[in-house]
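39 is the number that UniProt numbering gives to position 39 of the sequence shown; each next residue is one higher, with no gaps.
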Amino acid sequence: MENKDFLIVAHNTAGMLLINKTLQNENINTDLVPAPPQTGTICAIVVKIKGNDLEASKGILEKENVPYRDIIEDRKLKLQGLIDEKLGIAVSNEFLSVLKKIENGDELERNDIVYLLKTDKPKEVDVIFSTADRIRKEMVGDVVEIRGAIEFSNYCCKSCSYCGINAGNRSVARYRMSEEEILKVVDSLHEAGIKTVILQSGEDPLWSTERIIKLIRAIKERTGMRITLSVGERTKAEYEELKANGADNFLLKIETTNRKIFKEVHPDDDYDRRIQCSKWLKELGYINGSGNIIGLPGQEIEDIAGDIMYFKEMGINMIGIGPFIPAKGTPLEHLPHGDIKLTVRTVAVTRIVCKKVYIPSTTALASLDKDAQVWALNAGANTIMLINTPEIYRGSYRIYDNKNMVDMESAIYAVRKTGRKLPAYLRYS
Ligand code: SAM
C-alpha cells in the first residue's frame, strides 16, 4: 500500500475542490491530476493521495461528511511490448535501457530525457512518437479537449525580450476589451458547448484583481464555465481571492528553467519569484499550467530536458510547449524561429515523462505550419485552444509575428486528421 498512489473521484468540480481542501486542512498531501479515461470525461480532475494516507483520508472525509464517488488505485503505467526483436540493430543499447524503464513504469533520469530529445536514429524517433501516443491514449484517452481563449488586453508593464506585446514595443496598437465585449464572446463559446474559457492578457495594471474577480463572477453566473486565467504574476493573496471567486485553472509558463537565459529574456522578472508563484497556484488548488519556449537564444537540449524534469517535479497539470517566434519591434526580432521538429519531439518526451497531464497543441506551432498541430496531437498532445478574440483586436495581440488563427474549423480539421475524437459537449455545424 505504501508505494501506491490513489485517486479520489468526486461527483463534480465543487466536490473535488472540497475533498482537496478538506484533506489539505488535515495536512494530507494531495495533487490534482486529470482523471484517467475510465472515470468519465477528460475534463474531470481527481485528487491524488499517497497510499500511506489512504485510510486517514477516508476517515477524514467520512468525519467531515464530504462525499466522493470512488477511490481507485493510480496504477503505475506499465507498457508491455515496447521492446521486441524487430528493433534489432536499428536502436542502440542506451535507447533499449531507456525503453526498459518506460516499460516498467520507472522514472526517467535527466540523461535518459536528453537521449530521447537528441537521438536522430529513425527507428528510435518512431518508437518515441508511438510510445508517447500510446501513453496519451492510456492516460487521457482519445478525446481532444477544445478550449476557447479571449486575449482581452495587450497592455503589459513587463519587458520580456521575446514578446511582441512587451511594454517597450511601440509598433503594436494597444487595446483593452470591456467587460461587455468579453461577456459577449463568453456567451458565444457557451453556445458552442465549450466548457472552459481562457482569459489571457499582458500584465495590465488597469485589469486589477478586483476587476478580474467581477468578470469571473459574471462568467460563472451566466454560464458556469470553467475559467482559466493567464494574467501573469500576482501576489499569493490575489491568487487566493481569484480562486475563491471562481477561477479554476491558471497558466503561468516558466518559459525556461535555465536561470541565465531566464534572466536575459526577462529583465524585470525574478526566476525564484516565478517558481514561487507557481507553487502558490498549486497550494491554492488551481489546475496548474506551465510550459516552455523552444528556441530561446542560448538554449541547449539539456535545458529542455531540465524543463521537462521541472514539470514533472512540480506536478504541473497543463504543459504548453511552443516554438519561439520572432516578433517585430522586440530585441529578438531578427532571430530565427524555434525548430518545429524539436518542439514536437519535446511534446512527445514530455508526455512520456509526465504522463497524466494536459498538453495543448499550441497556437505557436500552428503559426509555423498548418499541419504542426496535427503532428503535436500525434505526439501526445490532447487539447486545442481556439482563439476567440474579436477580429478588431486579434491582430494587435501580436505576441509574435504571423500568429495563425486557430478556430473551430481548423481545430476540427486537426482532430479529424489524427482520427481522434471531438468532445461530445461541442456544438458545431
Ligand atoms: N502575461 C501573461 C504571462 O506572462 O503569463 C500571459 C500572456 S503571455 C503573452 C503568454 C505566453 O506567450 C507566454 O507564456 C509566452 O510563452 C508566449 N510568448 C510570448 N511571446 C512569444 C514569442 N515571441 N514566441 C513564442 N511564445 C511567445
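Ideal Cβ placement from N, Cα and C applies to all residues, glycine included.
Please read all numbers here as calculations on a predicted model, not as lab measurements.
(message) Could you tell me the alpha carbon to alpha carbon distance between Arg-136 and Arg-170, rounded to whole angstroms?
(response) As a position in the sequence shown, residue 136 is number 136, starting the count at 1. As a position in the sequence shown, residue 170 is number 170, starting the count at 1. Approximately 42 angstroms, taken between the alpha carbons.
(request) Check whether the Cβ atoms of Asn-292 and Leu-281 sit closer than 8 angstroms, and answer yes or no. (result) As a first step, residue 292 must be located in the sequence shown, where it is residue number 292. As a first step, residue 281 must be located in the sequence shown, where it is residue number 281. Against a cut-off of 8 angstroms, the Cβ pair of Leu-281 and Asn-292 comes out as no contact.
(request) Put Met-314 into one of helix, strand or coil per three-state DSSP. (result) As a first step, residue 314 must be located in the sequence shown, where it is residue number 314. In this structure, Met-314 counts as coil in the three-state DSSP scheme.
(request) Would you identify the three-state DSSP class for Ile-287, choosing helix, strand or coil? (result) As a working note, residue 287 is residue 287 in the sequence shown. Reduced to three states, the DSSP call for Ile-287 is strand.
(message) Given this structure, state the Cα-to-Cα distance separating Ile-213 from Arg-134, to the nearest angstrom.
(response) The sequence position of residue 213 within the sequence shown is 213, counting from 1. The sequence position of residue 134 within the sequence shown is 134, counting from 1. In a straight line, the C-alpha of Ile-213 is about 40 angstroms away from that of Arg-134.
(message) Which of the three DSSP states is assigned to Val-33 in this structure?
(response) Translated into positions along the sequence shown, residue 33 becomes position 33. DSSP places Val-33 in strand when its eight states are reduced to three.
(request) Enumerate in chain order the residues of its own chain whose CB-to-CB distance from Arg-273 is below 8 angstroms, with the five nearest sequence positions on each side excluded. (result) By one-based count along the sequence shown, residue 273 stands at place 273. Glu-233.
(request) Could you tell me the boundaries of the beta strand (DSSP E) in which Met-385 lies? (result) In the sequence shown, the residue the question calls residue 385 occupies position 385. That run of the beta strand (DSSP E) goes 383-387.
(request) Check whether the Cβ of Glu-264 lies closer than 7 angstroms to any heavy atom of the ligand SAM, and answer yes or no. (result) Here residue 264 corresponds to residue number 264 of the sequence shown, with the count starting at 1. Glu-264 Cβ: outside cutoff for every heavy atom of the ligand SAM.
(message) Does the structure place the stretch 361-377 close enough to the stretch 318-335 that three or more beta carbon pairs sit under 8 angstroms?
(response) yes
(request) For Val-127, name the three-state secondary structure that DSSP assigns. (result) Residue 127 sits at position 127 when you count from the first residue of the sequence shown. Residue state, collapsed to three classes: helix.
(message) Does the contact criterion of 3 or more C-beta pairs under 8 angstroms hold for the stretch 172-180 versus the stretch 200-216?
(response) yes
(request) Kindly examine the ligand SAM and report whether one of its heavy atoms sits closer than 7 angstroms to the Cβ of Ser-208. (result) The residue labelled residue 208 in the question sits at position 208 within the sequence shown. Result no, Cβ not under 7 angstroms from the ligand SAM.
(message) Going by DSSP in three states, Ile-325 sits in which element: helix, strand or coil?
(response) Residue mapping note: residue 325 aligns to position 325 of the sequence shown, counting from 1. In the structure shown, Ile-325 sits in coil (DSSP, three-state: anything other than H, G, I, E or B).
(request) Kindly examine the ligand SAM and report whether one of its heavy atoms sits closer than 7 angstroms to the Cβ of Val-9. (result) Your numbering for residue 9 matches position 9 in the sequence shown. Outside the cutoff, so no.
(message) Between the alpha carbons of Thr-418 and Ala-56, how many angstroms are there, rounded?
(response) Indexing the sequence shown from 1 puts residue 418 at position 418. Indexing the sequence shown from 1 puts residue 56 at position 56. Their backbone Cα atoms lie some 44 angstroms apart in a straight line.
(request) Mind the definition here: the stretch 260-276 touches the stretch 297-309 only if three or more C-beta pairs lie below 8 angstroms; say whether that holds. (result) yes
(message) By the DSSP assignment, the alpha helix (DSSP H) with Ser-367 in it spans what residues?
(response) As a first step, residue 367 is located in the sequence shown; it is residue number 367 there, counting from the start. Per DSSP, Ser-367 belongs to the alpha helix (DSSP H) from 363-368.
(request) With a 10 Å radius around its C-beta and 16 neighbouring C-beta atoms as the bar for buried, classify Thr-343 as buried or exposed. (result) For the purposes of this step, residue 343 is identified with residue 343 of the sequence shown, where counting begins at 1. With 16 or more other Cβ atoms within 10 Å, it is buried.
(request) Alpha carbon to alpha carbon, how far is Ile-227 from Glu-64? Give it in angstroms, no decimals. (result) Mapped onto the sequence shown, residue 64 falls at position 64. Mapped onto the sequence shown, residue 227 falls at position 227. Spanning the two alpha carbons is a distance of roughly 28 angstroms.
(request) Give a yes or no on whether the C-beta atoms belonging to Glu-145 and Thr-350 are separated by under 8 angstroms. (result) Locating residue 145 in the sequence shown gives position 145, counting from the first residue. Locating residue 350 in the sequence shown gives position 350, counting from the first residue. No, the pair does not count as a contact, with Cβ atoms beyond the cut-off.
(request) Please work out which residues of its chain come closer than 8 angstroms, Cβ to Cβ, to Thr-209, disregarding the five sequence neighbours upstream and downstream, and give them in chain order. (result) Sequence index remark: in the sequence shown, residue 209 carries index 209 (1-based). Arg-234, Glu-238, Glu-241, Leu-242, listed in sequence order.
(message) Taking its Cβ as the centre, do 16 or more other Cβ atoms sit within 10 Å of Ile-42, making it buried, or is it exposed?
(response) Numbered from its first residue, the sequence shown carries residue 42 at position 42. With a pLDDT of 46 at Ile-42, under the threshold of 50, the modelled position of that residue is not reliable, and no figure is offered here.
(request) Run the CB neighbour count on Ile-392, radius 10 Å, all protein chains shown included, and call it buried at 16 or more, exposed below. (result) Here residue 392 is taken as the residue at index 392 of the sequence shown, counted from 1. Ile-392 should be labelled exposed.
(request) Report buried or exposed for Gln-373, applying the criterion of at least 16 other Cβ atoms within 10 angstroms of its Cβ. (result) The sequence position of residue 373 within the sequence shown is 373, counting from 1. Buried.
(message) If I measure Cβ to Cβ from Glu-124 and keep anything under 7 angstroms in the same chain, skipping five residues before and after, which residues do I get?
(response) One-based indexing of the sequence shown puts residue 124 at position 124. Excluding sequence neighbours, Glu-124 sits near Val-91, Phe-95.
(message) Assess contact between the stretch 409-426 and the stretch 157-173, defined as three or more Cβ pairs (one per stretch) separated by less than 8 angstroms. Is contact present?
(response) no
(request) In the DSSP assignment, find the beta strand (DSSP E) that holds Lys-50 and state where it starts and stops. (result) By 1-based counting over the sequence shown, the position of residue 50 is 50. Counting along the chain, the beta strand (DSSP E) containing Lys-50 begins and ends at 45-50.
(message) Please report the straight-line C-alpha distance between Gly-285 and Asn-27, rounded to a whole angstrom.
(response) Taking the sequence shown and counting its residues from 1, the one referred to as residue 285 is at position 285. Taking the sequence shown and counting its residues from 1, the one referred to as residue 27 is at position 27. Spanning the two alpha carbons is a distance of roughly 14 angstroms.
(request) Indicate whether the contact test is met: 3 or more Cβ pairs, each with one atom in the stretch 12-23 and one in the stretch 80-89, closer than 8 angstroms. (result) no
(request) Could you have a look at Gly-15 and say whether DSSP puts it in helix, strand or coil? (result) Translated into the one-based positions of the sequence shown, residue 15 becomes position 15. Note: Gly-15 maps to helix in three-state DSSP.
(message) Within 8 angstroms, do at least three Cβ pairs link the stretch 150-167 to the stretch 110-129?
(response) no
(message) Using only CA atoms, which one of Thr-346, Asn-388, Thr-330, Ile-319 lies nearest to Tyr-115?
(response) Against the sequence shown, residue 115 aligns to sequence position 115. Comparing Cα positions, the closest option is Thr-346.
(message) The beta strand (DSSP E) that contains Asn-111, what's its start and end?
(response) Here residue 111 refers to the residue found at position 111 when the sequence shown is read from its first residue. Unbroken run through Asn-111 is the alpha helix (DSSP H), 110-118; no beta strand (DSSP E).
(request) Kindly examine the ligand SAM and report whether one of its heavy atoms sits closer than 7 angstroms to the Cβ of Tyr-175. (result) The residue given as residue 175 occupies position 175 in the sequence shown. Checking the Cβ of Tyr-175 against the ligand SAM gives no.
(request) Identify, in the order they occur along the chain, each residue of the same chain with its Cβ nearer than 7 angstroms to the Cβ of Gly-193, setting aside the five sequence neighbours on each side. (result) Numbered from 1 along the sequence shown, position 193 holds the residue referred to as residue 193. For Gly-193, where only same-chain residues beyond five positions count, the Cβ hits under 7 angstroms are Tyr-425, Leu-426, Arg-427.
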